[in-house]
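Chains as they are written, first to last, in my numbering: chain A, 70 to 468; chain B, 425 to 690; chain C, 2 to 247.
Beneath this line is the structure, given in structure tokens, with notes to follow.
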Amino acid sequence: MEDIVQHLTPLLKEVSGYIFPNEIELHWGLLIVLYPYLTGLVAGAFILASLVKVFNVKELQPTYRMSLLTALAFLIVAPLPLLGHLGHPEKSYEIFLTPNTSSAMAMFGFVYAWYLMAVLLLEIWFDYRKDLIMWSRKEKGLMKWIHKLLSLFSSDVSEKAIRFDKKSVRVITIIGIPSAFLLHGYVGFIFGSVKANPFWSSVLMPIVFLFSAIVSGIALVLLIYMIVTPMRRKPIDMLCLNKLASYLFYVMIIDFSLETLDFIHRVYESEESIHIISELVSGKLFVSLVVIQVLIGMLIPLGSIAAAKIFKLPDELKKLIYFVAAILVQMGIFSTRWNVVIGGQLFSKSFRGLTTYKMTFFGLEGFLVSFIILIMPIVILYILFKLLPPWDEARQQVT
Amino acid sequence: MNILKILNFTNQSQKRRSFVKMFLLSVAAIAIPGRSGSQEKPKKKSGWLLADGYDATEHLWGMGVNINDCIGCGRCVAACKEENNVPRLPFFFRTWVERYEIEANGRVSVSSPNGGYDSFKPELSDKQTIRSFFVPKLCNHCDNPPCVQVCPVGATFKTVDGVILVDSDYCIGCRYCIQACPYGARFLHPVTRTAEKCTFCYHRITKGMSPACVENCPTQARIFGELKKGASPLVRFKRMHNINVLKPNLNTEPKVYYANLDMEVS
Amino acid sequence: MISYWKKIPEQAKRLVVLAAILLAVFLVVRPQLVPPDFGELGHFRASALQDIVAQPIRYAGHEVCTDCHEEVAEKKGNSYHRNVACEVCHGPAAVHIEEEETDMLRIPRGRDFCIVCHEYLSSRPTGFPQIVSESHNPMKSCITCHNPHDPTPPEKPKDCAGCHASIARSKMVSHHVYVPCVRCHDAPDEHFTNPRMYHPTKPTKREFCGGCHASDDPSVAGIPQVDIDSHGERYVCWQCHYPHLP
Numbered sequence: 070m071e072d073i074v075q076h077l078t079p080l081l082k083e084v085s086g087y088i089f090p091n092e093i094e095l096h097w098g099l100l101i102v103l104y105p106y107l108t109g110l111v112a113g114a115f116i117l118a119s120l121v122k123v124f125n126v127k128e129l130q131p132t133y134r135m136s137l138l139t140a141l142a143f144l145i146v147a148p149l150p151l152l153g154h155l156g157h158p159e160k161s162y163e164i165f166l167t168p169n170t171s172s173a174m175a176m177f178g179f180v181y182a183w184y185l186m187a188v189l190l191l192e193i194w195f196d197y198r199k200d201l202i203m204w205s206r207k208e209k210g211l212m213k214w215i216h217k218l219l220s221l222f223s224s225d226v227s228e229k230a231i232r233f234d235k236k237s238v239r240v241i242t243i244i245g246i247p248s249a250f251l252l253h254g255y256v257g258f259i260f261g262s263v264k265a266n267p268f269w270s271s272v273l274m275p276i277v278f279l280f281s282a283i284v285s286g287i288a289l290v291l292l293i294y295m296i297v298t299p300m301r302r303k304p305i306d307m308l309c310l311n312k313l314a315s316y317l318f319y320v321m322i323i324d325f326s327l328e329t330l331d332f333i334h335r336v337y338e339s340e341e342s343i344h345i346i347s348e349l350v351s352g353k354l355f356v357s358l359v360v361i362q363v364l365i366g367m368l369i370p371l372g373s374i375a376a377a378k379i380f381k382l383p384d385e386l387k388k389l390i391y392f393v394a395a396i397l398v399q400m401g402i403f404s405t406r407w408n409v410v411i412g413g414q415l416f417s418k419s420f421r422g423l424t425t426y427k428m429t430f431f432g433l434e435g436f437l438v439s440f441i442i443l444i445m446p447i448v449i450l451y452i453l454f455k456l457l458p459p460w461d462e463a464r465q466q467v468t
Numbered sequence: 425m426n427i428l429k430i431l432n433f434t435n436q437s438q439k440r441r442s443f444v445k446m447f448l449l450s451v452a453a454i455a456i457p458g459r460s461g462s463q464e465k466p467k468k469k470s471g472w473l474l475a476d477g478y479d480a481t482e483h484l485w486g487m488g489v490n491i492n493d494c495i496g497c498g499r500c501v502a503a504c505k506e507e508n509n510v511p512r513l514p515f516f517f518r519t520w521v522e523r524y525e526i527e528a529n530g531r532v533s534v535s536s537p538n539g540g541y542d543s544f545k546p547e548l549s550d551k552q553t554i555r556s557f558f559v560p561k562l563c564n565h566c567d568n569p570p571c572v573q574v575c576p577v578g579a580t581f582k583t584v585d586g587v588i589l590v591d592s593d594y595c596i597g598c599r600y601c602i603q604a605c606p607y608g609a610r611f612l613h614p615v616t617r618t619a620e621k622c623t624f625c626y627h628r629i630t631k632g633m634s635p636a637c638v639e640n641c642p643t644q645a646r647i648f649g650e651l652k653k654g655a656s657p658l659v660r661f662k663r664m665h666n667i668n669v670l671k672p673n674l675n676t677e678p679k680v681y682y683a684n685l686d687m688e689v690s
Numbered sequence: 002m003i004s005y006w007k008k009i010p011e012q013a014k015r016l017v018v019l020a021a022i023l024l025a026v027f028l029v030v031r032p033q034l035v036p037p038d039f040g041e042l043g044h045f046r047a048s049a050l051q052d053i054v055a056q057p058i059r060y061a062g063h064e065v066c067t068d069c070h071e072e073v074a075e076k077k078g079n080s081y082h083r084n085v086a087c088e089v090c091h092g093p094a095a096v097h098i099e100e101e102e103t104d105m106l107r108i109p110r111g112r113d114f115c116i117v118c119h120e121y122l123s124s125r126p127t128g129f130p131q132i133v134s135e136s137h138n139p140m141k142s143c144i145t146c147h148n149p150h151d152p153t154p155p156e157k158p159k160d161c162a163g164c165h166a167s168i169a170r171s172k173m174v175s176h177h178v179y180v181p182c183v184r185c186h187d188a189p190d191e192h193f194t195n196p197r198m199y200h201p202t203k204p205t206k207r208e209f210c211g212g213c214h215a216s217d218d219p220s221v222a223g224i225p226q227v228d229i230d231s232h233g234e235r236y237v238c239w240q241c242h243y244p245h246l247p
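Listed below in structure tokens is the structure:
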């Protein structure tokens, strides 16, 4: 009780206009910013992987397994911020046991389980099964048994079985694309369906979330590819990199168009909430929305990738541009999530005033925990790379 | 067959409810064994016999608020905090009172210092106020409650007598209901870490008493009563006044009815 | 069935078994964790209702007090405070009615409690008795003149501003500052003791204002004059001019 008084009392002075007395406490903080950010990376990375299998984009083959493992690493972490922000994390299992079917949030259990079990793990398993068997045959000790266990002690490497694997991967990918859309579209729906909040309530919200997810996912895989490949002392495949950058560029165009459409629509319809929202956007959200999200996170990367594509630049310069652009995109998408989650709570539902979000450093919902959660997928990804090397040269031939 | 059932149900229930919701519910009812379907479906079950002779299925509660009678003394706020052990902090309210001051130039200022718990101070400035009044606020106990719709686990629900309650033992503290409430009527209890809100003093009304805020209003600005009985002070109140609800455009169908509500109130 | 199972590729069989195990675990665990009464009355824990109904009551309700405090109840019942429940001033009494010797209720005696309701605020409805505490016998406790159980003022208010402070304030800065209220309003004596039942009169005709503002009488020199026949003839004066701040 004491700490909540200490946390909330100074905020009373920061309020401008009128907010409902219960609104002084901002309920969804940094952790809930992380949640759509992480799931967005998952969905984006998976959709990138699907391009290889479903649309046969050969250039992207080097990133296929990497994308899958990236998606998995981030998906494992994605529920953690949700768990951390709950008042009672120990009761979270109720969401699986007695889901309220009219609640978008309750669907999380199903969408997440479906995506993790039926899509991502299955696809990775079928894709790696032959390699797992071959590795475990060669290896000794712990690794041998880990790989054996991961392959579920499967041993059939006949041509027929491998054909079945390949077919399965294709089918799962085809199911996986709508599933990935579902996974992140539904995260958008969690916000977009709150009619009490005009900043969130928008049919475009799931779609905007989805495309920004794909943007962030592609940018992330691009970053990982550009960091990991030199670390392995291998040359970066420029064909692959250019292709990645192209896709990133196209999806960013769609994403930016959608966001602009949403903006124009709001301004044009000019509903009762327009005054408070414009006060918010031109005031407390100006830096994170206009400067970081739109200018630094969208326009500058768009412009620089376009420049790299138009002018015949040396490969080294291109790499630098792509790398910087991808980092800026990550910043931009993170602040997109911030602006939706935090921004949507900064104005009162009385539409008469603004409040403030004060981040804490310690505590479950503080900066430190969020930082750790953000680091975790990278650690998991490192372990996954060790257990299931995604590199082409690790692929095994049946002997 | 299934579709027919749905349509039939929609007709019977006389509720404005979207086809999509019914469809989702029925799909879910098939998909998840053991689920009991829509939670609003009134059920004549002994489970609704809640206290001595109180059969919830025979009641439907609502509240009327007459703005012209409210003196902004904040006794309702104080009584509510006392009765329901709401933290005595200026951040947590099951009910609160707002003061509106509308100036000749159209400027509107709203205030609710400590939720009106200590009443209000005489205004000092010389602003040209042309209208001014108090508005008590509380949970509207919506007939179409967005908070219940979004609760992921079934910890908040609508009773057959029309009251929205929170099961604090089952609440996981996700705060989606707080986001979904258009009226700011919910908060997270700082100690239990679960969602909390006005219950219409369910522990009192099931024993034939009125809610603490109504009991303690010195001017009878709050009228509590039955909605489906002819001889009820609330029905009379609704007959005698022009009635408004808060944010009617959101189709939440509140059961807190305001008489003489100003257009500026949101 | 068995022949069908044999046709399934080896790796698929392993997945089916794994999925079956997971499903079985879920089906076994679920009933253990879901409260047995969940879903009985709707998508919630039915016993939550009992938990909520069992919350202790603190405000005993106005009827109970009468049982012991008959005299006070009767006095209050005939006063302006008849609709003010005892517990508004004296606080929650549920414990007091069980342990009347030990749990004494509060008796607010200071000015600061009465003014919670009776301090003049422009937002308060017209006609509700209000005072400006700074000028209304500032050094005296309210209860020296008013019995809270029968708060009728000991003498009738000296001027209208006692209740109509908002109007008085407007009038104070208007050109009508020297026009006494009774020039326009005829207040019956009963209005001073029962204001909401007996209303003062209000002017009904343009000619009433014309008495001063359309007069040839030289004694009204300096008062704005209009030609009452041509000046806004379709309206009564107070549709445009607020008489307390014209």
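Idealized CB from N, CA, C, for every residue including glycine.
Subject >> 8 Å Cβ cutoff, A/A230 in contact with chain C >> reply: For the purposes of this step, residue 230 of chain A is identified with residue 161 of the first sequence, where counting begins at 1. Interface residue, yes.
**OP:** Identify the contact partners of B/R628 in chain C, using a Cβ-Cβ distance below 9 Å as the criterion.
**Re:** Indexing the second sequence from 1 puts residue 628 of chain B at position 204. The answer, in chain order, is Q56, I58, Y60 and G62.
**OP:** Report the neighbours of A/Y451 on chain C: residues whose CB is nearer than 9 Å to its CB, in chain order.
**Re:** Walking along the first sequence from the start, residue 451 of chain A turns up at place 382. Neighbours of A/Y451 on chain C: none; closest Cβ ~26 Å, over 9 Å.
Original post:
Alpha carbon to alpha carbon, how far is A/G98 from A/I411?
Top reply: As a working mapping, residue 98 of chain A is identified with position 29 in the first sequence. As a working mapping, residue 411 of chain A is identified with position 342 in the first sequence. Rounded to the nearest angstrom, the two C-alpha atoms are 7 Å apart.
**OP:** Would you please verify whether the beta carbon of A/E163 is less than 8 Å from any beta carbon of chain B?
**Re:** Reading the first sequence from its first residue, position 94 is the one you call residue 163 of chain A. Yes, because at least one Cβ of chain B sits closer than 8 Å to the Cβ of A/E163.
**OP:** Verify the CB distance criterion: does A/S223 have a CB-CB separation below 8 Å to chain C?
**Re:** By 1-based counting over the first sequence, the position of residue 223 of chain A is 154. Cβ-Cβ to chain C under 8 Å: yes for A/S223.
Subject >> Short CB-CB distance (under 8 Å) between C/F27 and chain B >> reply: Counting from 1 along the third sequence, the entry for residue 27 of chain C is found at position 26. It does not: the Cβ of C/F27 has no partner Cβ on chain B nearer than 8 Å.
Original post:
Should A/Y184 be listed as close to the ligand SAH, given that the test is whether its C-beta is under 7 Å from any heavy atom?
Top reply: Absence of the ligand SAH from the depicted structure is noted, as is the absence of any ligand whatsoever, leaving it without description.
**OP:** Could you tell me the boundaries of the alpha helix (DSSP H) in which B/Y626 lies?
**Re:** Reading the second sequence from its first residue, position 202 is the one you call residue 626 of chain B. Secondary structure note for B/Y626: its alpha helix (DSSP H) is the uninterrupted segment Y626 to I629.
Subject >> Euclidean distance between Cα positions of A/L453 and A/L138 >> reply: Within the first sequence, the letter at position 384 stands for residue 453 of chain A. Within the first sequence, the letter at position 69 stands for residue 138 of chain A. When rounded, the distance between both Cα atoms is 7 Å.
Original post:
Using a beta-carbon distance cut-off of less than 7 Å, what residues from the region 538-558 of chain B approach chain C?
Top reply: S543, F544, P546, E547, T553, S556, F557 and F558
**OP:** Kindly list the residues whose CB is nearer than 8 Å to the CB of B/P457, restricted to its own chain and excluding five residues on each side of it in sequence; keep chain order.
**Re:** Within the second sequence, numbered from 1, the residue matching residue 457 of chain B stands at position 33. With a pLDDT of 43 at B/P457, under the threshold of 50, the modelled position of this residue cannot be trusted; read the value that follows with caution. Result list for B/P457: empty, nothing under 8 Å.
**OP:** Might you give, ordered along the chain, the residues of its own chain that have their beta carbon closer than 6 Å to the beta carbon of A/I525, omitting 5 neighbours on each side?
**Re:** Nothing in the structure corresponds to residue 525 of chain A, since chain A is present only between 70 and 468.
Subject >> Cβ of C/C118 within 8 Å of any chain B Cβ >> reply: In the third sequence, counting from the first residue as 1, residue 118 of chain C sits at position 117. So yes, C/C118 belongs to the interface.
Subject >> Inter-residue CB distance, B/I588 and B/V572 (contact presumed, cutoff 8 Å) >> reply: The count along the second sequence starts at 1 and reaches residue 588 of chain B at position 164. The count along the second sequence starts at 1 and reaches residue 572 of chain B at position 148. Confirmed, Cβ separation roughly 6 Å.
Original post:
Name the chain C residues that come within less than 8 Å of A/F480, Cβ to Cβ?
Top reply: Nothing about residue 480 of chain A can be read from this structure; chain A reaches only from 70 to 468.
Subject >> Where A/R198 meets chain C, residues with beta-carbon distance less than 8 Å >> reply: Residue mapping note: residue 198 of chain A aligns to position 129 of the first sequence, counting from 1. Result: Q12.
Original post:
Hey, how far is the Cα of C/P158 from the Cα of C/C182?
Top reply: Counted from its first residue, the third sequence places residue 158 of chain C at position 157. Counted from its first residue, the third sequence places residue 182 of chain C at position 181. Approximately 14 Å, taken between the alpha carbons.
Original post:
If you draw a straight line from the alpha carbon of B/E464 to that of B/W472, how long is it in whole angstroms?
Top reply: Along the second sequence, one-based indexing puts residue 464 of chain B at 40. Along the second sequence, one-based indexing puts residue 472 of chain B at 48. The pLDDT assigned to B/E464 is 48, lower than 50, so where the model puts this residue is not dependable, and the model offers no usable value.
**OP:** Specify the secondary structure class of B/N668 as computed by DSSP and reduced to three states.
**Re:** Within the second sequence, numbered from 1, the residue matching residue 668 of chain B stands at position 244. Here B/N668 sits in strand by DSSP.
Original post:
Mapping DSSP to helix, strand and coil, what is A/W97?
Top reply: Residue 97 of chain A sits at position 28 when you count from the first residue of the first sequence. The answer is coil: DSSP assigns A/W97 none of H, G, I, E or B.
Original post:
Which residues, in order along the region 84-99 of chain C, keep a beta-carbon less than 7 Å from a beta-carbon of chain B?
Top reply: N84, V85, A86, E88, V89 and P93
Subject >> Amino acids of chain C, ordered along the chain, whose beta-carbon sits closer than 7 Å to that of B/T623 >> reply: Translated into positions along the second sequence, residue 623 of chain B becomes position 199. Per Cβ cutoff of 7 Å: I53.
Original post:
Does the beta carbon of B/L670 sit closer than 8 Å to a beta carbon anywhere in chain A?
Top reply: Mapped onto the second sequence, residue 670 of chain B falls at position 246. Cβ-Cβ to chain A under 8 Å: no for B/L670.
**OP:** List in chain order: all unbroken alpha helix (DSSP H) runs of 4+ residues lying wholly within the region 473-551 of chain B.
**Re:** Counting only runs of 4+ residues, the alpha helix (DSSP H) found wholly inside the region 473-551 of chain B occupies 499-508, in chain order.
**OP:** Taking C/C90 and C/P109 to be in contact with their CB atoms under 8 Å, please state how far apart those CB atoms are, rounded to whole angstroms.
**Re:** Numbered from 1 along the third sequence, position 89 holds the residue referred to as residue 90 of chain C. Numbered from 1 along the third sequence, position 108 holds the residue referred to as residue 109 of chain C. Indeed, because the Cβ distance is near 6 Å, the residues count as touching under 8 Å.
Subject >> Inter-residue spacing [alpha-carbon to alpha-carbon] between A/Y451 and A/R134 >> reply: The count along the first sequence starts at 1 and reaches residue 451 of chain A at position 382. The count along the first sequence starts at 1 and reaches residue 134 of chain A at position 65. One C-alpha to the other measures close to 13 Å.
Subject >> Closest Cα partner of C/T194 within the set C/D218, C/C115 and C/P154 >> reply: In the third sequence, the residue the question calls residue 194 of chain C occupies position 193. Closest by alpha carbon: C/P154.
**OP:** Compute the Euclidean distance between the alpha carbons of C/C161 and C/R184, then round it to the nearest angstrom.
**Re:** Start at 1 with the first residue of the third sequence, and residue 161 of chain C comes out as number 160. Start at 1 with the first residue of the third sequence, and residue 184 of chain C comes out as number 183. Going from the Cα of C/C161 to the Cα of C/R184 covers about 13 Å.
Subject >> 8 Å Cβ cut-off: residues of chain C touching B/N492 >> reply: As a first step, residue 492 of chain B must be located in the second sequence, where it is residue number 68. Per Cβ cutoff of 8 Å: P126.
Original post:
Closest to A/L457 by CA distance: which of A/L81, A/T167, A/L103 and A/R198 is it?
Top reply: Taking the first sequence and counting its residues from 1, the one referred to as residue 457 of chain A is at position 388. Ranking A/L81, A/T167, A/L103 and A/R198 by Cα distance to A/L457 puts A/R198 first.
Subject >> Unbroken alpha helix (DSSP H) run spanning A/F250, endpoints >> reply: Residue numbering aside, residue 250 of chain A sits at position 181 when the first sequence is read from its first letter. Counting along the chain, A/F250 sits inside the alpha helix (DSSP H) bounded by residues E228 to G261.
**OP:** Report the neighbours of A/L149 on chain C: residues whose CB is nearer than 9 Å to its CB, in chain order.
**Re:** Along the first sequence, read from residue 1 onward, the residue named residue 149 of chain A stands at position 80. Under the 9 Å cutoff, chain C gives no residues; its nearest Cβ is about 21 Å from A/L149.
**OP:** State the DSSP-derived secondary structure class of B/E620, mapped to helix, strand or coil.
**Re:** Within the second sequence, the letter at position 196 stands for residue 620 of chain B. Here B/E620 sits in strand by DSSP.
**OP:** Please confirm if C/L19 has its CB atom under 8 Å from at least one CB of chain A.
**Re:** Taking the third sequence and counting its residues from 1, one reaches residue 19 of chain C at position 18. Taking CB atoms only, C/L19 has a neighbour in chain A less than 8 Å away.
Original post:
Taking the Cβ atom as the reference point for each residue, do C/P32 and A/A230 lie within a distance shorter than 8 Å?
Top reply: As a first step, residue 32 of chain C must be located in the third sequence, where it is residue number 31. As a first step, residue 230 of chain A must be located in the first sequence, where it is residue number 161. Not closer than 8 Å, so no.
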